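Using our numbering, you'd call the opening residue of the sequence shown number 1 and step up by one each time.
Glycine included, every Cβ here is placed at the ideal spot set by N, Cα and C.
As the structure is a prediction and not an experimental result, all values here were calculated from the model.
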Amino acid sequence: MLFSRRRFLCGATAATLAVPAFLRSLEADAAANMTLVAILQDGGCDGLNTVVPLSQYGVYSGLRQIPGGAGTLAVLETDIQTAGTAFDANYTTPASSATTFAFHPNMTALRALYGQGKVAVLLGVGIPPADDNRTSHEVGKFDWATATINKLGYTNLGWLGQAFDTLGGGGAIPPTVSLNYSAPTIMHGVQNTPLVLGGDIGNFSVPSGAGGSDATARLAALATDDGYALPSSAGEFARSLASATTGYVTAVQGYATTAPGTGYGSVAKSGLKFQLLQIARLIKAGAPSRAYFASQGGYDTHSQQNAPGFHPSLVGELSDAIAQFYAYLAANSLSQNVVVMTYTDFGRRVQANSTAGTDHGTAQVGFVVGDPVKPGVYGNYPDLTKLDHDGNPVISVDFRNHISDLIGALGADPRPIVGTTYPKLGYI
């Protein structure tokens, strides 16, 4: 019985993608090493309204006026003051005294974590202008996934996948796990590809075939010796695949039982918060994986950017989701080695457009959150009076420099992956 790719993924597994890691049978002690959770803000998040430049507020506000006198996209200073989300590079400065930056007013939870010394804010991060197509969704996400420029169509290797080619790890399940029903390029290595999950990990299973046939039982039968005197390569591959699939199902179901998520708090049955809940359960249950991927869509805000459900709601959800995830890990003494990083396709243009939105830009804002983080501000907020020849903010941090620091923190050598040696940014 043949299954469609979509149906197989919706059954919460893509076991074929993880066969190389299974065949290698690599073991690692995940408890003694950093675990990274990568969150993609899909669509290109507007960095200027995510972290507002209070020190440039006059210029910022002027550029955010909607053409035709139709209002403004600028975050209002009064809303920032009411929410108490202003901050300085010194994370100990109280919001009431801070004058340099501000989280969006809906990001009070992340502002609170910043004040606790758990957040690094990266400003002016982006893909350099040497990539002529850096404002394309396809190129932006590909570059961030592979830590390359101008390589679309020439490689399919992601930086996390390559890092774990050298680090090894995994065991009952692979070292990299995706929670959004897809196998993202960022996790593709030469020898490693992620285990793909989606939905509640307690429902992880192999989808049954037509007529109610028991796919799990059939896979178990396939994994047994076929009785032939001489093994065939096809038969051995089929048996290894069947064994891996049933092994992953058994392992994940065991993790789900061990860590039901009690005490996490209420979350909807979909979305970023639900993905992070599943990751928290896997970490609490002792899963050997050391890298997880989650995503949040909706950031391509060409029109009505400030309308309900768009940018203000999305960054509020991001803030609350990360804070809830961190609080659960901390309450269970599991936060010491876990780091969350956020990234997006690209930033957005400084000027508001005529449909009350923003178009594709360059420099973006990123967050790195967790106990191992050295809090503060890294990189420089773009000077809004000195835009590049395309009218975009000038980046101050090459995205590969940022990725290099994360690869090094995981314990791998970043140079073969990012192509050169970058100075450490120092946030971890």
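Item                                                                                                                                                                          : Value
Would you check if the distance between the CB atom of A86 and the CB atom of A74 is smaller than 7 Å?                                                                        : no
With DSSP as the reference, identify every bridge partner of L195, one or two as the case may be.                                                                             : V177
Specify, as a first and last residue, the run of the alpha helix (DSSP H) that S319 falls within.                                                                             : 311 to 331
Hey, quick one: how far does the alpha helix (DSSP H) through G271 stretch, first residue to last?                                                                            : Where G271 is concerned, there is no enclosing alpha helix (DSSP H), given that its DSSP letter is neither H nor E.
Here's a check: name, in chain order, each residue in its chain whose Cβ is nearer than 7 Å to the Cβ of Q408, leaving out the five neighbours to either side.                : Here the sequence assigns Gly to residue 408, which means Gln is not the residue at that position. Cβ neighbours of G408 beyond the five flanking positions: P414.
Out of Y91, D88, T82, which one is the CA nearest neighbour of N106?                                                                                                          : T82
How would you label T245, buried or exposed, when you count the other beta carbons within 10 angstroms and need 16 or more for buried?                                        : buried
Look at T342 and G309 and say whether their C-beta atoms are less than 7 Å apart.                                                                                             : no
Going by the beta-carbon positions, is the gap between P175 and R281 smaller than 7 Å?                                                                                        : no
Out of curiosity, what's the CA-to-CA distance linking N90 and Q65?                                                                                                           : 31 Å
Is it true that the CB of Y60 sits closer than 7 Å to the CB of L384?                                                                                                         : yes
Give me the residue from N192, S335, Q364, E138 with the minimum Cα distance to D500.                                                                                         : Since the displayed the chain opens at 1 and closes at 428, residue 500 lies outside it and no answer follows.
Assess contact between the stretch 309 to 321 and the stretch 248 to 262, defined as three or more Cβ pairs (one per stretch) separated by less than 8 Å. Is contact present? : no
Between the C-alpha atoms of R134 and G263, what's the straight-line distance to the nearest angstrom?                                                                        : 42 Å
Measuring CB to CB, does Y326 end up less than 7 Å from A120?                                                                                                                 : no
What ranges does the beta strand (DSSP E) occupy inside the stretch 33 to 113, keeping only unbroken runs of at least 3 residues that lie completely in it?                   : 35 to 41, 51 to 53, 101 to 103
Looking at the C-beta of S205, does it have a partner C-beta in chain D at a distance below 7 Å?                                                                              : The structure shown contains no chain D; it holds only a single protein chain.
Determine the contact status of A163 and L425, defining contact as a CB-CB distance below 7 Å.                                                                                : no
Using a Cβ-Cβ cut-off of 7 Å (strictly less than) and excluding sequence neighbours within five positions of I428, which residues of its own chain qualify?                   : V339, V368, P372, V373, K374, D405, A409
First and last residue of the alpha helix (DSSP H) that includes F346?                                                                                                        : Careful: F346 lies outside any alpha helix (DSSP H) and carries neither H nor E.
Mind pulling the alpha helix (DSSP H) runs of 4 or more residues that sit fully within the stretch 127 to 153?                                                                : 137 to 146
With DSSP as the reference, label Q364 as helix, strand or coil.                                                                                                              : strand
For Q278, I'd like the list of residues in its chain whose CB is within less than 6 Å of its CB, leaving aside the five on either flank, ordered along the chain.             : L179, I201
Under 6 Å from any heavy atom of the ligand MN, does the C-beta of P308 make it?                                                                                              : As for the ligand MN, it is missing from this structure, which has no ligand bound.
Could you spell out the range, first to last residue, of the alpha helix (DSSP H) harbouring D391?                                                                            : The sequence given here has Gly at residue 391, not Asp. Run containing G391: none; DSSP gives neither H nor E here.
Let me check understanding here. Comparing Cα to Cα, which of H188, G71, H389, Q336 lies closest to I283?                                                                     : Q336
Name, in chain order, the residues that DSSP records as bridge partners for T155.                                                                                             : L152
Measuring CB atoms only, is the stretch 355 to 362 touching the stretch 144 to 154, in the sense that at least three cross pairs come out at less than 8 Å?                   : no
Which residues does DSSP pair with L384 in a beta bridge?                                                                                                                     : Answer is none; L384 lacks a bridge partner.
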